[in-house]
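K.L.:
Attaching a single structure in structure tokens format; questions to follow.
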Amino acid sequence: MPTGQEIITLQFGHYANFIGTHWWNIQEAGFDYNSEVPSEINHDVLLREGRTLKDEVTFTPRLLLVDLKGSLNTVSERGDLYDSPEIPDPNQLDWSGEVDLKQVPKVEKNEYLQDLEKEEQALQRGDVIGAQALIGSKKYELDSVVKVWSDYLRLRYHPRSVTTINDYCHGSDSRKFDIFNLGINVWKTEQFEENFCDRIRNYAEECDNMQGFHVLLDCNDGFGGLGISALQYIEDEYSTKTTLAFPVLPAAYEFSNTLADSIRTANIALSFRGLSEHASLFAPLCMGSLGWRQPGPPKEFKYLNYNALLSYHTSAILAVALDTLTLRHRLRSKPQERLSTVANALGRLGRRAAAVKAGIPFPLAGDGDAGFLLEALEAWDGPLWHSLSPSCGDLEAERIWMQSVVLRGVGQERLKSPTSMRKNQDGNPAYSCSTVEEMLKLFLYCCSYATASHVTSTSLPCNVGAPFPHIFSEDIGIDGFLYPETRSNDIGVSSIPVIAGLHSCRSVGTMLESLHGEASRLRITKLHGFGEAGLEEDEYKECINQLADFRECYHEEFDV
1 MPTGQEIITL
11 QFGHYANFIG
21 THWWNIQEAG
31 FDYNSEVPSE
41 INHDVLLREG
51 RTLKDEVTFT
61 PRLLLVDLKG
71 SLNTVSERGD
81 LYDSPEIPDP
91 NQLDWSGEVD
101 LKQVPKVEKN
111 EYLQDLEKEE
121 QALQRGDVIG
131 AQALIGSKKY
141 ELDSVVKVWS
151 DYLRLRYHPR
161 SVTTINDYCH
171 GSDSRKFDIF
181 NLGINVWKTE
191 QFEENFCDRI
201 RNYAEECDNM
211 QGFHVLLDCN
221 DGFGGLGISA
231 LQYIEDEYST
241 KTTLAFPVLP
251 AAYEFSNTLA
261 DSIRTANIAL
271 SFRGLSEHAS
281 LFAPLCMGSL
291 GWRQPGPPKE
301 FKYLNYNALL
311 SYHTSAILAV
321 ALDTLTLRHR
331 LRSKPQERLS
341 TVANALGRLG
351 RRAAAVKAGI
361 PFPLAGDGDA
371 GFLLEALEAW
381 DGPLWHSLSP
391 SCGDLEAERI
401 WMQSVVLRGV
411 GQERLKSPTS
421 MRKNQDGNPA
431 YSCSTVEEML
441 KLFLYCCSYA
451 TASHVTSTSL
461 PCNVGAPFPH
471 IFSEDIGIDG
481 FLYPETRSND
491 IGVSSIPVIA
501 GLHSCRSVGT
511 MLESLHGEAS
521 RLRITKLHGF
531 GEAGLEEDEY
541 KECINQLADF
551 RECYHEEFDV
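Encoded structure:
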């Protein structure tokens with residue numbers, strides 16, 4: 001049964017669904033179906049309880065996702081959770097004529113999905129131990145086999161979750177869904193104006209006390225227009241609810257030339273304009289350092305070895321940050337934080353855009369003094385985190401007005417060293433801190449002048465077992481902490497401590513100025529696809545002017 005505080009998640013676009021798939025997998029890996037002690041995380045916020053036709057209890061994401069035809073691979077649009085259609089027997093059909101039965105060949109499943117199927121069969125037989133042994137800590141090599149997000153989907157979706165746009169095909173060169181206004185046009189069809197909106201309404205009516213919406217959207221193509229149209233609908237129909245949006249950009253493109261780069265830039269500008277008008281707060285995500293015409297050099301993390309050309313890799317990193325920074329309004333804290341509190345604090349004075357920063361993993365030693373938070377922070381060298389927003393710095397010597405920071409996977413036992421290990425540190429004011437939140441808040445106070453910081457912590461780490469990609473350096477142990485002995489290559493990492501945050505800061509203005517500069521150079525009339533899809537030249541000029549006005553909110557004279 002719902003417990004209130006529910007959030008509906010919407011995902012628009014292929015890369016958004018790559019991120020979303022990792023995000024739901026992370027949550028499922030941390031879900032304890034049998035524990036009598038409630039988890040620190042209130043899973044009812046994002047997931048819903050249901051029952052199959054066999055009266056089996058299910059937990060599925062309160063999710064609606066949209067992608068193009070051909071992007072589902074092994075997943076059916078309706079799923080197989082509540083019914084499993086069988087091949088009809090021609091002899092039992094009420095038809096006297098000839099029957100021509102055609103069966104679409106099944107897509108071959110990769111090793112992970114095959115094991116997942118065997119695991120489910122074992123559970124149905126009541127063989128819990130056998131099911132756990134199938135996947136457990138097994139290390140899968142999926143880099144070369146993952147082509148679409150459903151190739152590593154662990155959690156099963158509700159039948160109403162998936163919507164495909166059949167007028168456009170994933171990967172098609174002849175009919176591309178690459179223009180912002182094409183998404184607006186798709187929203188105006190019956191499939192969305194009626195059916196999709198009905199699905200939102202069905203979820204909303206199930207909720208006891210809905211907080212609002214999480215929205216992930218590809219902002220570099222037609223899904224930007226579709227996502228913004230959905231935000232407009234939400235603003236009209238659910239005006240009292242909060243929307244936290246994450247426009248996402250891939251770290252690499254399969255195809256690129258001057259025209260394609262210009263089209264992407266215009267799409268991003270139009271998406272950001274719409275987000276600034278219709279989202280309560282939005283935070284761009286990209287593993288590329290630039291993000292507009294081209295993603296730019298990939299972001300560097302000391303303990304991550306990832307391939308920026310693989311969406312399977314880059315989306316996993318963004319999903320870890322997303323799962324962590326949203327914990328503030330998903331924990332069973334007293335009083336429980338709400339999504340509106342986060343958005344209202346960070347979005348003051350019209351600053352509806354925020355930057356995302358993360359430390360993945362948060363580097364603590366597995367043992368010794370460096371394994372305690374106080375000692376680690378005292379010896380810290382360099383930025384605490386790295387930017388995951390395009391054209392934003394890492395916040396060293398940065399002007400930050402507001403920030404919401406979450407540290408996970410660091411328990412109270414790692415707060416500070418025992419008395420016998422204190423050495424000459426008794427005069428350190430940090431030793432008066434009795435919680436992880438107090439310690440980190442003191443550190444942020446010392447590092448950031450006149451910054452209002454909210455800190456959330458939980459001892460629960462981020463689960464990164466299969467099918468999460470193997471992107472961690474050999475310094476990281478199976479538990480996510482640093483060890484002098486390198487981890488064996490045939491052993492994966494199961495969980496990691498993470499720090500992540502949302503920041504209202506001056507570098508967001510730099511990001512907007514960079515986008516405005518690129519977008520204002522474009523002659524939209526030369527990009528014929530926009531005019532053909534319904535965009536007027538004056539509308540694009542208005543978009544450019546609104547971006548410039550939005551940038552002004554981040555000037556120093558408007559400080560909080």
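Everything in the sequence shown is counted per UniProt numbering, starting at 1 for the first residue and increasing by one. Ideal placement from N, C-alpha and C gives every residue a C-beta, glycine not left out. Since the structure is predicted, the reported quantities are computational estimates derived from the model, not experimental observations.
1) Note down the Cα distance separating residue 166 from residue 177, rounded to an integer number of angstroms.
2) Please classify residue 446 as buried or exposed, where buried requires at least 16 neighbouring CB atoms within 10 angstroms.
3) Measure from the alpha carbon of residue 411 to the alpha carbon of each residue in 476, 56, 119, 366, then state which is nearest.
4) Give the secondary structure of residue 336 by DSSP, where H, G and I count as helix, E and B as strand, and everything else as coil.
5) When the distance is taken between beta carbons, is residue 517 closer than 7 Å to residue 390?
6) Start and end of the alpha helix (DSSP H) containing residue 311?
7) Who does residue 272 pair with in a DSSP beta bridge?
8) What three-state label does DSSP hand residue 445 in the structure shown?
9) According to DSSP, residue 386 sits in a beta bridge with which residue or residues?
10) To the nearest angstrom, how far is it from the Cα of residue 538 to the Cα of residue 527?
11) Are the beta-carbon atoms belonging to residue 283 and residue 379 less than 7 Å from one another?
12) Starting from the Cα of residue 495, find the closest Cα among 470, 485, 489, 513 and give me that residue.
13) For residue 345, which residues in the same chain have their Cβ closer than 6 Å to its Cβ, ignoring the five residues on either side in sequence?
14) Measure the beta-carbon distance from residue 506 to residue 554 and round it to whole angstroms, keeping in mind my assumption that it falls under 8 Å.
15) Given a threshold of 16 other Cβ atoms within 10 Å of its Cβ, counted over all protein chains shown, does residue 251 qualify as buried or as exposed?
16) Output the distance between the C-alpha atoms of residue 420 and residue 300, rounded to the nearest integer angstrom.
17) Residue 570 by DSSP, collapsed to three states: which one?
18) Can you tell me the Cα-Cα spacing of residue 18 and residue 148, whole angstroms?
19) Does the distance from the C-beta atom of residue 187 to that of residue 239 stay below 7 Å?
20) Tell me the start and end of each unbroken alpha helix (DSSP H) in the segment 121-160 that is at least 4 residues and wholly inside, in chain order.
21) Would you tell me roughly how many angstroms separate the C-alpha atoms of residue 237 and residue 531, rounded to the nearest one?
22) Tell me the rounded alpha-carbon separation between residue 303 and residue 310.
23) Tell me the start and end of each unbroken beta strand (DSSP E) in the segment 159-245 that is at least 3 residues and wholly inside, in chain order.
24) With distances taken Cα to Cα, identify the nearest neighbour of residue 144 among 66, 197, 112.
25) Please state the DSSP three-state secondary structure of residue 563.
26) Less than 6 Å separating the Cβ of residue 263 from some heavy atom of the ligand GDP?
27) Quick check on this structure: which residue in 544, 182, 409 has the alpha carbon closest to the alpha carbon of residue 372?
28) Are residue 406 and residue 460 closer than 7 Å when you measure CB to CB?
29) Is the CB-CB distance between residue 179 and residue 529 below 7 Å?
30) Based on the DSSP secondary-structure assignment, which residues constitute the bridge partners of residue 49?
31) Quick check on this structure: which residue in 110, 48, 287, 53 has the alpha carbon closest to the alpha carbon of residue 74?
32) Specify the secondary structure class of residue 11 as computed by DSSP and reduced to three states.
33) Among the residues of its own chain, which have a CB less than 6 Å from the CB of residue 265, if the five just before and after it don't count?
34) Tell me the residue span of the alpha helix (DSSP H) that contains residue 499.
35) Would you kindly work out how many angstroms separate the C-alpha atoms of residue 174 and residue 260, rounded to a whole number?
36) In the DSSP assignment, what are the bridge partners of residue 288?
P.N.:
Judging by the given coordinates:
1) Residue numbering aside, residue 166 sits at position 166 when the sequence shown is read from its first letter. Residue numbering aside, residue 177 sits at position 177 when the sequence shown is read from its first letter. Cα-Cα distance, rounded: 11 Å.
2) Working through the sequence shown from its first residue, we reach residue 446 at position 446. Flag for residue 446 reads exposed.
3) Within the sequence shown, residue 411 is the residue found at index 411, counting from 1. Considering only alpha carbons, the answer is 366.
4) If you number the sequence shown from 1, residue 336 lands on position 336. Residue state, collapsed to three classes: coil.
5) Position 390 of the sequence shown, counted from the start, is the residue given in the question as residue 390. Position 517 of the sequence shown, counted from the start, is the residue given in the question as residue 517. For residue 390 and residue 517, no; Cβs fall outside 7 Å.
6) Here residue 311 corresponds to residue number 311 of the sequence shown, with the count starting at 1. Run containing residue 311: 311-325, per the alpha helix (DSSP H) assignment.
7) Looking up residue 272 in the sequence shown gives position 272. DSSP output for residue 272 lists no bridge partner at all.
8) The residue given as residue 445 occupies position 445 in the sequence shown. Residue state, collapsed to three classes: helix.
9) Taking the sequence shown and counting its residues from 1, one reaches residue 386 at position 386. 358, per the DSSP bridge assignment.
10) Counted from its first residue, the sequence shown places residue 538 at position 538. Counted from its first residue, the sequence shown places residue 527 at position 527. Straight-line Cα distance between these residues: approximately 14 Å.
11) Looking up residue 283 in the sequence shown gives position 283. Looking up residue 379 in the sequence shown gives position 379. The answer is no: Cβ separation not under 7 Å.
12) Residue mapping note: residue 495 aligns to position 495 of the sequence shown, counting from 1. Comparing Cα positions, the closest option is 470.
13) Position 345 of the sequence shown, counted from the start, is the residue given in the question as residue 345. Taken in chain order, the residues that qualify are 402.
14) Position 506 of the sequence shown, counted from the first residue, corresponds to residue 506. Position 554 of the sequence shown, counted from the first residue, corresponds to residue 554. Right, the Cβ-Cβ distance comes to about 6 Å (below 8 Å), so this counts as a contact.
15) Here residue 251 refers to the residue found at position 251 when the sequence shown is read from its first residue. The residue is buried, with at least 16 neighbouring Cβ atoms inside 10 Å.
16) Against the sequence shown, residue 420 aligns to sequence position 420. Against the sequence shown, residue 300 aligns to sequence position 300. Because residue 420 sits at a pLDDT of 41, beneath the cut-off of 50, its placement in the model cannot be relied upon, and the following sentence gives the value as read from the coordinates. The straight-line gap from Cα to Cα measures roughly 37 Å.
17) The question about residue 570 has no answer, for the chain in this structure spans 1 to 560.
18) Residue 18 sits at position 18 when you count from the first residue of the sequence shown. Residue 148 sits at position 148 when you count from the first residue of the sequence shown. Their backbone Cα atoms lie some 7 Å apart in a straight line.
19) On the sequence shown, position 187 is the one that residue 187 refers to. On the sequence shown, position 239 is the one that residue 239 refers to. Cβ atoms of residue 187 and residue 239: not closer than 7 Å.
20) 128-135
21) Locating residue 237 in the sequence shown gives position 237, counting from the first residue. Locating residue 531 in the sequence shown gives position 531, counting from the first residue. For residue 237 and residue 531, the distance between alpha carbons rounds to 30 Å.
22) Translated into the one-based positions of the sequence shown, residue 303 becomes position 303. Translated into the one-based positions of the sequence shown, residue 310 becomes position 310. Taking the straight line joining both Cα atoms gives about 18 Å.
23) 162-169, 212-218
24) The residue labelled residue 144 in the question sits at position 144 within the sequence shown. Ranking the options by Cα distance to residue 144, first place goes to 112.
25) As displayed, the chain neither begins before 1 nor continues past 560, which places residue 563 out of reach and without an answer.
26) Annotation note on the ligand GDP: not contained in the displayed structure, which lists no ligands.
27) If you number the sequence shown from 1, residue 372 lands on position 372. The candidate whose alpha carbon is nearest that of residue 372 is 409.
28) Along the sequence shown, read from residue 1 onward, the residue named residue 406 stands at position 406. Along the sequence shown, read from residue 1 onward, the residue named residue 460 stands at position 460. The answer is no: Cβ separation not under 7 Å.
29) Locating residue 179 in the sequence shown gives position 179, where the first residue counts as 1. Locating residue 529 in the sequence shown gives position 529, where the first residue counts as 1. Yes. Within cutoff.
30) Here residue 49 is taken as the residue at index 49 of the sequence shown, counted from 1. Residue 49 pairs with 59.
31) Here residue 74 corresponds to residue number 74 of the sequence shown, with the count starting at 1. The shortest C-alpha separation from residue 74 is found at 110.
32) For the purposes of this step, residue 11 is identified with residue 11 of the sequence shown, where counting begins at 1. Of the three classes helix, strand and coil, the one that applies to residue 11 here is strand, per DSSP.
33) In the sequence shown, the residue the question calls residue 265 occupies position 265. 292, 293, 518, 519, listed in sequence order.
34) Mapped onto the sequence shown, residue 499 falls at position 499. Per DSSP, residue 499 belongs to no alpha helix (DSSP H); it is in the beta strand (DSSP E), 498-505.
35) Walking along the sequence shown from the start, residue 174 turns up at place 174. Walking along the sequence shown from the start, residue 260 turns up at place 260. Taking the straight line joining both Cα atoms gives about 14 Å.
36) For this step, residue 288 is matched to residue 288 along the sequence shown. 298, per the DSSP bridge assignment.
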